[in-house]
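Residue numbering for the sequence shown follows this note's numbering, beginning at 77 and increasing consecutively. First comes the structure, then the notes that go with it.
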Amino acid sequence: MEPSGLPPLLFESSRPGRASSVIAPCESGETPIESLIPAEFLADALPPLPEIDELSVVRHYVRLSQLNFAIDKNFYPLGSCTMKYNPKRNERIASLPGFAQVHPQQDAETIQGLLQILFELQNDLAEIAGLHAVSLQPAAGAHGELTALLVAAAHFRSLGQNRQNVLVPDSAHGTNPSSAHIAGFETVTVKSGPDGLVDLEDLKAKLDENTAVFMITNPNTAGLFDRQIGEISKMLRAKGALMYLDGANMNAILGVVRPGDMGADLMHYNPHKTFSGPHGGGGPGAGPIAVRDHLAKFLPAPIVIRRADGTYALDDDRPDSIGRVRATFGNVGVLVRAWAYIRSQGPDGLRHVSEMAVLNANYILAKLKDVYPVPMGDRCMHEFVASARAMSRETGVRAMDIAKRLLDYGYHAPTVYFPLIIAEALMIEPTETESKQTLDGFIDAMRAIAAEPAELVHSAPLTTPVDRPDEVRAAKHPVLRWQST
Ligand SMILES: Cc1ncc(COP(=O)(O)O)c(C=O)c1O
């Protein structure tokens with residue numbers, strides 16, 4: 077270990093000639109592996125990999141995993157990310173060889189069980205959405221947004237309409253305007269009112285026959301349910317525009333209200349937030365989309381279908397489809413976890429998930445709002461946004477300082493400075509999987525921090541292996557690759 081508490085890189089621990097394990101040479105008579113590989117694919121020299129023994133590698137990664145913060149270690153109230161506990165049972169199911177080791181190009185007749193699961197998942201997601209058809213192909217929430225907007229573009233092309241605008245509220249996640257731009261639309265921002273909901277007057281002023289889609293997140297990123305949604309749906313329909321519901325916050329409304337019933341024509345799911353998929357780390361994700369019946373023919377191909385004889389197949393014969401957005405049929409491991417989660421919860425269980433997520437968030441809000449004011453709404457859905465604005469004016473302690481100090485108390489920080497419509501935002505999302513004891517511990521920590529001397533909070537974190545990195549420099553000059561000196 078370095079004095080900083082950080083282990084050296086594997087490259088730095090490398091010593092010439094050290095090896096992980098010795099593999100016995102081939103028995104005489106066996107074909108040496110090199111002779112099976114065409115010469116042009118054989119490297120002249122070994123790549124510059126660290127030379128290191130197996131035990132050191134194991135220790136290295138175990139140590140790193142212990143330094144890291146994880147939901148399996150402690151409370152992770154990172155707003156907008158739904159860091160719920162992912163049941164280990166789902167991991168076991170997803171790693172069964174029949175799911176984890178099939179080849180994507182395998183004949184459909186040999187993967188009937190997997191196709192059945194994907195078919196059932198399509199149906200479950202359609203039912204939860206209150207919409208008609210589902211594509212499991214997109215590889216992330218943002219990719220789902222893009223795919224759905226391409227479906228919307230195909231729809232308007234089929235009507236002979238050249239609508240150019242996508243309307244997005246100023247509280248939206250940044251992926252919404254980005255997806256609209258990549259799909260070839262112009263983005264028009266719609267203001268939020270002082271209550272954090274869509275400003276209907278501003279929407280009315282910007283909505284016209286050139287509007288293709290209005291993208292709304294409901295509940296929105298301030299943790300508020302926009303109860304004007306019925307009115308908004310009517311306004312859109314009158315102009316022939318489609319409603320896209322960003323379903324990243326479905327964890328708040330499962331089994332309570334359905335996007336289709338709110339008037340949505342298209343939506344995406346974030347299975348890593350709602351249905352216990354693994355989060356981030358750059359790994360494969362999924363962002364299934366659901367659409368209303370008249371848009372179904374444009375969905376990416378293939379779709380999993382059940383034939384009349386009860387067997388399952390991949391339907392590629394979809395002439396109006398926008399085409400594939402992903403190789404084969406999506407990131408199956410994530411989808412299997414989503415299926416396992418939905419099936420193990422059942423309809424009542426899913427509703428209970430959302431009820432508890434909302435209850436937990438409201439409990440923290442009620443216990444903290446006298447110290448950390450919540451500018452928009454006295455009640456919230458699955459998350460809320462407190463503001464450290466008054467505190468920063470009085471004591472100089474900012475949202476980032478509070479976030480860093482929480483690490484010393486053993487909690488992951490909330491999301492800070494998002495959404496942009498709330499100054500000094502601290503966005504807190506506890507999820508349904510936390511106990512009252514955990515919530516109380518977090519509330520005590522937040523209240524204790526508010527009473528601490530500003531200099532102490534400014535200097536946090538004091539107990540982590542890395543103190544405060546220069547975040548601006550890290551963002552502007554990322555060093556992503558090790559290089560020998
Ligand atoms: C409201 C909202 N929309 C879209 C996304 C994008 O999802 P993904 O990160 O899977 O691309 C997120 C991500 O957290 C989100 O919170």
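Backbone N, C-alpha and C fix where the C-beta goes; we use that ideal spot for every residue, glycine too. Remember, it's a predicted structure, so these values are computed and weren't measured experimentally.
Taking 7 Å as the cut-off, decide whether the C-beta atoms of residue i and residue j are in contact.
i           : j           : result
residue 445 : residue 537 : no
residue 461 : residue 218 : no
residue 400 : residue 215 : no
residue 320 : residue 367 : no
residue 518 : residue 487 : yes
residue 530 : residue 450 : no
residue 235 : residue 255 : no
residue 371 : residue 231 : yes
residue 380 : residue 191 : yes
residue 458 : residue 324 : no
residue 312 : residue 258 : no
residue 268 : residue 246 : yes
residue 195 : residue 419 : no
residue 189 : residue 174 : yes
residue 130 : residue 97  : yes
residue 339 : residue 205 : no
residue 147 : residue 161 : yes
residue 415 : residue 193 : yes
residue 360 : residue 407 : yes
residue 85  : residue 128 : no
residue 390 : residue 439 : no
Please classify residue i as buried or exposed, where buried requires at least 16 neighbouring CB atoms within 10 angstroms.
i           : result
residue 441 : buried
residue 210 : buried
residue 306 : exposed
residue 477 : buried
residue 117 : exposed
residue 180 : exposed
residue 280 : exposed
residue 213 : buried
residue 513 : exposed
residue 144 : exposed
residue 348 : buried
residue 411 : buried
residue 237 : exposed
residue 198 : buried
residue 220 : buried
residue 378 : buried
residue 505 : buried
residue 113 : exposed
residue 149 : exposed
residue 552 : exposed
residue 533 : buried
residue 500 : buried
residue 314 : exposed
Of the residues the options, which one's Cα is nearest the Cα of residue i?
i           : options               : result
residue 275 : 251, 244, 507 and 262 : 244
residue 332 : 425, 459 and 312      : 425
residue 350 : 390, 521 and 429      : 429
residue 203 : 345, 391, 375 and 436 : 345
residue 563 : 488, 396, 422 and 342 : Here the chain covers residues 77 to 561 and nothing more, so residue 563 does not appear.
residue 264 : 270, 272, 273 and 252 : 252
residue 435 : 508, 385 and 295      : 508
residue 342 : 360, 322, 330 and 361 : 322
residue 91  : 183, 121, 125 and 83  : 125
residue 437 : 454, 427, 423 and 447 : 454
residue 151 : 522, 560, 557 and 408 : 522
residue 465 : 448, 452 and 456      : 448
residue 540 : 471, 515 and 489      : 489
residue 120 : 433, 128 and 110      : 110
residue 374 : 128, 233 and 200      : 233
residue 634 : 93, 140 and 141       : The structure shown does not extend to residue 634, since the chain is modelled only from 77 through 561, so no value can be given for it.
residue 185 : 550, 158, 385 and 467 : 385
residue 491 : 107, 164 and 153      : 153
residue 296 : 135, 157, 310 and 388 : 157
residue 132 : 365, 95 and 433       : 95
Would you mind giving the Cβ-Cβ distance between residue i and residue j, rounded to the nearest angstrom? I have them listed as a contact below 8 Å.
i           : j           : result
residue 287 : residue 239 : 6 Å
residue 413 : residue 352 : 6 Å
residue 527 : residue 502 : Contact doesn't hold; Cβ gap of about 16 Å is too wide.
residue 178 : residue 187 : 5 Å
residue 330 : residue 300 : With a Cβ gap of about 18 Å, residue 330 and residue 300 do not count as contacting.
Tell me whether residue i, by its Cβ, gets closer than 6 Å to a heavy atom of ligand 2.
i           : result
residue 251 : In the structure shown, ligand 2 is absent; the only ligands present are ligand 1.
Exercise for review: Please specify which runs of the alpha helix (DSSP H), each continuous and at least 4 residues long, are wholly inside the segment 390-448, giving them in chain order.
Suggested key: Taking 4 residues as the shortest admissible run, the segment 390-448 contains the following complete alpha helix (DSSP H) segments, listed from N- to C-terminal end: 408-444.
Review point. At which residue ranges does the segment 322-361 contain complete alpha helix (DSSP H) runs of 4 or more residues, listed in the order of the chain?
Key: 335-338 and 347-350
Point to revise | Start-end ranges of the beta strand (DSSP E) lying completely within the segment 494-539, minimum 3 residues | key: 501-504
**Study point:** Entirely enclosed beta strand (DSSP E) segments - the segment 221-253, minimum 3 residues
**Key:** Those beta strand (DSSP E) runs which fall completely within the segment 221-253 and span 3+ residues are 241-245.
**Study point:** Segments of 4+ residues assigned as alpha helix (DSSP H) that fall wholly inside the segment 81-164
**Key:** 86-89, 109-112 and 130-143
Check your understanding: Curious, which full-length beta strand (DSSP E) runs of at least 3 residues does the segment 270-304 contain?
Key -> 287-293
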